[in-house]
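Numbering (this note's numbering), first residue to last: 16 to 244.
Structure, rendered in structure tokens:
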């Protein structure tokens, strides 16, 4: 006995009530106003976003743990480096227009919030590290931190010959932007998803070759790209 194919409702006006007119209009424009195909494209976009979030999560966990090891080696403590934010992330001033801005101000704020969310300064260091968002780790490889973080600590998270800007900060920045798009359910129709997958796998492989192999083997992004409606 065969299982009957489920009957899906046609893409009537209920779709705009669900997604909003402007959001669905993006998919209508991409499909020549074919409403059923536009809805299928929206579902594909949602599946692709979920697949990317799966891969991004793997790389985010790998990056934060590698950075934790590198920072702990540079500032061994006790206490753990997460409790010495004023030292590890001491003020670093850069000109932004006519103003001098401490580029570490938000970093220290993020660290304080992570400590509070983890339960306070007596929380296990691993719990504090896990509370830090991808945006925290993303900016640690920026040019502003080359002398204070990259050279003394973070370069140790990668193999010799790794270029901070080309191999780390560039890919991490692009992946951070992608994660924000995915998290806000934005369309990926014009995003270079294949390029971002290359960033993901490349960064994972630099952190640890077997991790790169694992991410590649378990990613469904390429299959979804090939199945775009």
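C-beta: ideal position from N, C-alpha, C; glycine also.
What does DSSP give as the partner residue(s) for residue i in the beta ladder?
i	result
residue 111	114
Within 7 angstroms: the Cβ of residue i and any heavy atom of the ligand SAH?
i	result
residue 100	Because no ligand of any kind appears in the structure shown, any question about the ligand SAH cannot be addressed here.
From the DSSP output, in three-state form, read off residue i for me.
i	result
residue 150	helix
residue 31	helix
residue 207	coil
residue 141	helix
residue 97	helix
residue 36	helix
residue 120	helix
residue 235	coil
residue 26	coil
residue 19	Bear in mind that a pLDDT of 48 at residue 19, under 50, signals an unreliable position, so the number given afterwards is only what the model happens to contain. Reduced to three states, the DSSP call for residue 19 is coil.
residue 131	helix
residue 105	coil
residue 241	helix
Buried or exposed: which applies to residue i, given that a residue is buried once 16 or more other Cβ atoms fall within 10 Å of its Cβ?
i	result
residue 75	buried
residue 166	exposed
residue 77	buried
residue 95	buried
residue 19	With a pLDDT of only 48 at residue 19, under the threshold of 50, the placement of this residue in the model should not be trusted; the figure read from the coordinates follows. Exposed, since its Cβ has fewer than 16 Cβ neighbours within 10 Å.
residue 33	exposed
residue 119	buried
residue 150	exposed
residue 83	buried
residue 144	buried
residue 30	buried
Since I believe residue j is in contact with residue i (beta carbons under 8 angstroms), could you give me their beta-carbon distance rounded to a whole number of angstroms?
i	j	result
residue 212	residue 234	7 angstroms
residue 230	residue 215	6 angstroms
residue 240	residue 209	6 angstroms
residue 256	residue 164	This structure cannot settle anything about residue 256, because the visible part of the chain is limited to 16 through 244.
residue 59	residue 243	6 angstroms
residue 66	residue 236	5 angstroms
residue 248	residue 168	Since the first residue shown for the chain is 16 and the last is 244, residue 248 is missing from the structure and cannot be characterised.
residue 171	residue 88	7 angstroms
Would you say residue i faces chain B, with C-beta separation under 8 angstroms as the test?
i	result
residue 180	Going by chain labels, chain B is absent from the structure shown, which holds only one protein chain.
Which ranges does the alpha helix (DSSP H) cover as unbroken runs of at least 4 residues, wholly within the stretch 39 to 91, from first to last along the chain? Assignment of alpha helix (DSSP H) within the stretch 39 to 91, counting only whole runs of 4 or more residues, yields 50 to 89 in chain order.
Can you give, in chain order, each stretch of the alpha helix (DSSP H) that sits fully within the stretch 157 to 231 and has at least 4 residues? Counting only runs of 4+ residues, the alpha helix (DSSP H) found wholly inside the stretch 157 to 231 occupies 185 to 198 and 208 to 222, in chain order.
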